[in-house]
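Enquirer: Residue numbers (this note's numbering), protein chains in the order written: chain A, 1 to 221; chain B, 1 to 221.
Ideal Cβ placement from N, Cα and C applies to all residues, glycine included.
What you are looking at is a predicted structure, and each value in this text was computed from that prediction instead of being measured.
For reference, the structure I am asking about is given below.
Protein chains: 2
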Amino acid sequence: MQSSQWTSDLHWVREGKQDRSRKTQAKLLDAAEDLFAEHGIDGATMADIAAAAGCSIGAFYHHYRDKRALQFALFDRYATMFEKTNRIALDPARWEGARIADIVQSYVQVSIENDRMRPGQRRAATELGRVEPEIRSHVLKLRAMMDTGIRELLLARSDEIGHSDPELAISFVLDQLGSMIRTRVHEPEMPTRFASQPDEQFFAETVRSVCAYLQVDPPSH
Amino acid sequence: MQSSQWTSDLHWVREGKQDRSRKTQAKLLDAAEDLFAEHGIDGATMADIAAAAGCSIGAFYHHYRDKRALQFALFDRYATMFEKTNRIALDPARWEGARIADIVQSYVQVSIENDRMRPGQRRAATELGRVEPEIRSHVLKLRAMMDTGIRELLLARSDEIGHSDPELAISFVLDQLGSMIRTRVHEPEMPTRFASQPDEQFFAETVRSVCAYLQVDPPSH
DNA sequence: ATTATCTATAGATCTATAGATAATGC
DNA sequence: ATTATCTATAGATCTATAGATAATGC
Chain A
1 MQSSQWTSDL
11 HWVREGKQDR
21 SRKTQAKLLD
31 AAEDLFAEHG
41 IDGATMADIA
51 AAAGCSIGAF
61 YHHYRDKRAL
71 QFALFDRYAT
81 MFEKTNRIAL
91 DPARWEGARI
101 ADIVQSYVQV
111 SIENDRMRPG
121 QRRAATELGR
131 VEPEIRSHVL
141 KLRAMMDTGI
151 RELLLARSDE
161 IGHSDPELAI
171 SFVLDQLGSM
181 IRTRVHEPEM
191 PTRFASQPDE
201 QFFAETVRSV
211 CAYLQVDPPS
221 H
Chain B
1 MQSSQWTSDL
11 HWVREGKQDR
21 SRKTQAKLLD
31 AAEDLFAEHG
41 IDGATMADIA
51 AAAGCSIGAF
61 YHHYRDKRAL
71 QFALFDRYAT
81 MFEKTNRIAL
91 DPARWEGARI
101 ADIVQSYVQV
111 SIENDRMRPG
121 QRRAATELGR
131 VEPEIRSHVL
141 KLRAMMDTGI
151 RELLLARSDE
161 IGHSDPELAI
171 SFVLDQLGSM
181 IRTRVHEPEM
191 PTRFASQPDE
201 QFFAETVRSV
211 CAYLQVDPPS
221 H
């Protein structure tokens, strides 16, 4: 039966019957992640991807229906990881007794470290979102989930905030942090003076800036 | 003589002898700027660009040697405007007697407004820089020029700053502002709560944040 | 008479397929 | 016996050119 050649929920990848399958599929995903991030989706040809994965173009099309299917599979892997990481990191129980400055500091550190580990993933996901509406709406949902999670951690501590409009101030800070983290890890458009400083300095000044703006106490330690 | 078909200093564009030439060339640049910004360089085909400019592919190749030449010409137009704007805006005489908060506020406002006027230019220039090393180094030079200009305006007013390391703090603030302006105008990855606020609110909170961090007085009016 | 534009298409490049060959595991 | 891989190539798309036609301005 032709129609079940592709798995049901992930209808873009063939369900392999041999061990080789999984390995080849993973290698193709890794190769695509790197090449998409570096050259963009259109800039990475199937020949490039197959070569980087150490297999042939024919082998690729045995596993994935087409280039687009690879994009979906790649995003699927990213989304799963992203959701899991956030579910753990943003669990309110985890932050029992913590103050705003501690949460912000940890948020900045963890975000930077996560993004650095797999530099290709986020850029690939973002670029996919630009082309594939289905992926775009999923990306937005994931980011909104993270945004809501951290927002509520901070909102629950509004009484620490000296800024006259705590809710507005929190929204501003979240945008500010998101923007700066993205720039530092993914799109350092130019080697500015501060970009060349070590991460520790970036953490310190970022937290300092947020605390000064919100008018909350600096981190405890 | 074949070699002088292209003008000497801008060796990628033909020097037109009729009025039509200038018009067609300008229309092609405008079309390319929009399409490059929207679909990326590879995503915009010569057929698209010619159609958007209201001429044929053949007409395009009469004026520009190839697609790459169009990129250089486009960047040239951007660079000229960018440099002129900055030379005026960052003239120390213009800021005689101004305080840090006033300079920062004006910088944010002018940057946002300039970028909004021609939304395609910066994105096109940035993407060109990714592919063309010659353009990349020129982009870096332009940005460094702007960075130095505003840095010196602020450094000259170091005595207003309460932050313990004024030079470091200025570097941090410039990165922060650059990142936030870019995100707001060019790469609003997702419709966050704060992104939907009007520009005035963005200006106000941004300036407030910078003043709190630097420990300087708020803007005068 | 020169300059600019158009149509049609050659040549290059990339995606995806067809058909043959090799490896796996019951 | 089935599954996975490879080589070779058809078909689509895009850049750039060739040659013919139209507009400009001396």
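#1: Going along the chain, which residues of the stretch 19-50 of chain B sit with their C-beta nearer than 9 Å to a C-beta in chain A?
#2: Chain A partners of Met-180/B, CB-CB under 7 Å?
#3: Confirm, please, whether the CB-CB distance from Ser-209/B to Asp-102/B is below 8 Å.
#4: State the DSSP-derived secondary structure class of Arg-116/B, mapped to helix, strand or coil.
#5: Is there a C-beta anywhere in chain B that falls below 8 Å from the one on Thr-85/A?
#6: Mind listing which residues of the stretch 195-217 of chain B have their C-beta closer than 7 Å to chain A's C-betas, in chain order?
#7: Alpha carbon to alpha carbon, how far is Val-185/A from Ser-196/A? Give it in angstroms, no decimals.
#8: Which partner residues of Val-13/A appear in the DSSP bridge assignment?
#9: Over the uninterrupted alpha helix (DSSP H) stretch that includes Val-207/A, give me the two end residues.
#10: Per DSSP, what kind of secondary structure is Thr-45/A in: helix, strand or coil?
#11: Is the stretch 65-74 of chain A in contact with the stretch 131-150 of chain A, if contact means three or more CB pairs nearer than 8 Å?
#12: At the 8 Å Cβ level, is Ser-171/A part of the contact set with chain B, yes or no?
#13: Cβ closer than 7 Å: which chain B residues qualify as neighbours of Glu-189/A?
#14: Hey, could you find the ends of the alpha helix (DSSP H) Leu-29/A is sitting in?
#15: If we cut at 8 Å on Cβ distances, does His-221/A have a partner in chain B?
#16: So what's Leu-90/A in DSSP terms, helix, strand or just coil?
#17: By a C-beta neighbour count over all protein chains shown, 10 Å radius and 16 as the cutoff for buried, is Leu-174/B buried or exposed?
#18: Could you tell me whether the Cβ of Leu-292/B comes closer than 8 Å to any Cβ of chain A?
#19: What did DSSP end up calling Ala-195/B once you bin it into helix, strand or coil?
#20: Can you tell me whether Pro-188/B is buried or exposed? The criterion is at least 16 other CB atoms within 10 Å of its CB, across all chains shown.
#21: Go ahead and label Gly-58/A buried or exposed: buried means 16 or more other beta carbons lie within 10 angstroms of its beta carbon, across all protein chains shown.
#22: For Asp-147/B and chain A, any beta-carbon pair shorter than 8 Å?
#23: Can you tell me whether DSSP reads Ser-220/A as helix, strand or coil?
#24: Please confirm whether Leu-90/B and Leu-153/B have their CB atoms less than 8 Å apart.
#25: Please decide whether Gln-2/A counts as near chain B, where near means a Cβ-Cβ distance under 8 Å.
#26: Cβ closer than 7 Å: which chain A residues qualify as neighbours of Arg-193/B?
#27: Cβ closer than 9 Å: which chain A residues qualify as neighbours of Arg-123/B?
#28: For Arg-68/B and chain A, any beta-carbon pair shorter than 8 Å?
#29: Note down, in chain order, each residue of its chain lying with its Cβ closer than 7 Å to the Cβ of Asp-147/B, except the 5 sequence neighbours on either side.
#30: If I measure Cβ to Cβ from Glu-205/A and keep anything under 6 Å in the same chain, skipping five residues before and after, which residues do I get?
#31: Do you know offhand how far Glu-236/A's Cα is from Thr-183/A's?
#32: Does the distance from the CB of Tyr-213/A to the CB of Tyr-213/B come in under 8 Å?
#33: Any beta-carbon of chain B closer than 8 Å to the one on Pro-143/A?
#34: In terms of residues, what are the limits of the alpha helix (DSSP H) holding Met-166/B?
Expert: By the coordinates alone:
#1: Gly-40, Asp-42, Gly-43
#2: Position 180 of the second sequence, counted from the start, is the residue given in the question as residue 180/B. Gln-176, Ser-179, listed in chain order.
#3: Here residue 102/B refers to the residue found at position 102 of the second sequence. Here residue 209/B refers to the residue found at position 209 of the second sequence. It is not a contact, given that the beta carbons lie outside the stated cut-off.
#4: As a working mapping, residue 116/B is identified with position 116 in the second sequence. Correct three-state label for Arg-116/B: helix.
#5: In the first sequence, the residue the question calls residue 85/A occupies position 85. It does not; no Cβ of chain B falls within 8 Å.
#6: Within the stretch 195-217 of chain B, the residues whose Cβ lies closer than 7 Å to some Cβ of chain A are Ala-195, Glu-205, Arg-208, Ser-209, Ala-212, Tyr-213, listed in chain order.
#7: The count along the first sequence starts at 1 and reaches residue 196/A at position 196. The count along the first sequence starts at 1 and reaches residue 185/A at position 185. A straight line joining the alpha-carbon of Ser-196/A with that of Val-185/A spans about 12 Å.
#8: Counting from one through the first sequence, the residue named residue 13/A turns up at place 13. Its beta-bridge partners are Tyr-64/A.
#9: Along the first sequence, read from residue 1 onward, the residue named residue 207/A stands at position 207. Unbroken alpha helix (DSSP H) run through Val-207/A: 199-214.
#10: As a first step, residue 45/A is located in the first sequence; it is residue number 45 there, counting from the start. Coil, per DSSP.
#11: They touch, by the three-pair rule.
#12: To locate residue 171/A, count along the first sequence from 1; it is residue 171. Taking 8 Å as the CB threshold, Ser-171/A lines the interface with chain B.
#13: For the purposes of this step, residue 189/A is taken as the residue at position 189 of the first sequence. Those within 7 Å of Glu-189/A in chain B are Thr-126.
#14: Looking up residue 29/A in the first sequence gives position 29. Note, Leu-29/A: alpha helix (DSSP H), 19-39.
#15: Position 221 of the first sequence, counted from the start, is the residue given in the question as residue 221/A. His-221/A is outside the set of residues whose beta carbon lies under 8 Å from a beta carbon in chain B.
#16: Against the first sequence, residue 90/A aligns to sequence position 90. Coil at Leu-90/A, not helix or strand.
#17: Translated into positions along the second sequence, residue 174/B becomes position 174. Under this definition Leu-174/B is a buried residue.
#18: Lying before the first or after the last residue shown, residue 292/B is absent from chain B, which here runs from 1 to 221.
#19: The count along the second sequence starts at 1 and reaches residue 195/B at position 195. It is coil, neither helix nor strand.
#20: On the second sequence, residue 188/B is found 188 positions in, with the first residue counted as 1. Its Cβ having fewer than 16 others within 10 Å, Pro-188/B is exposed.
#21: Taking the first sequence and counting its residues from 1, the one referred to as residue 58/A is at position 58. Answer is exposed; the Cβ neighbour count stays below 16.
#22: In the second sequence, the residue the question calls residue 147/B occupies position 147. So, interface residue.
#23: Numbered from 1 along the first sequence, position 220 holds the residue referred to as residue 220/A. Here Ser-220/A sits in coil by DSSP.
#24: Locating residue 90/B in the second sequence gives position 90, where the first residue counts as 1. Locating residue 153/B in the second sequence gives position 153, where the first residue counts as 1. Yes, these two residues count as a Cβ contact at 8 Å.
#25: To locate residue 2/A, count along the first sequence from 1; it is residue 2. Low per-residue confidence applies at Gln-2/A: pLDDT is 36, beneath 50, and the placement is therefore not dependable, though the value from the model is reported in the following sentence. So no, Gln-2/A is outside the interface.
#26: Locating residue 193/B in the second sequence gives position 193, counting from the first residue. In chain order: Ser-171.
#27: For the purposes of this step, residue 123/B is taken as the residue at position 123 of the second sequence. Chain A residues near Arg-123/B: none, gap ~11 Å exceeds 9 Å.
#28: As a working mapping, residue 68/B is identified with position 68 in the second sequence. No, Arg-68/B does not count as interfacial toward chain A.
#29: Numbered from 1 along the second sequence, position 147 holds the residue referred to as residue 147/B. Cβ neighbours of Asp-147/B beyond the five flanking positions: Leu-174.
#30: Numbered from 1 along the first sequence, position 205 holds the residue referred to as residue 205/A. So no residue of the chain qualifies.
#31: The first residue shown for chain A is 1 and the last is 221, placing residue 236/A beyond what the model contains.
#32: Position 213 of the first sequence holds residue 213/A. Position 213 of the second sequence holds residue 213/B. Yes, they are a contact pair.
#33: As a working mapping, residue 143/A is identified with position 143 in the first sequence. It is Arg, not Pro, that sits at residue 143/A in the sequence shown. At least one chain B Cβ lies under 8 Å of Arg-143/A.
#34: Residue 166/B sits at position 166 when you count from the first residue of the second sequence. Note on residue identity: the sequence assigns Pro, not Met, to residue 166/B. 166-185 is the span of the alpha helix (DSSP H), which, as asked, contains Pro-166/B.
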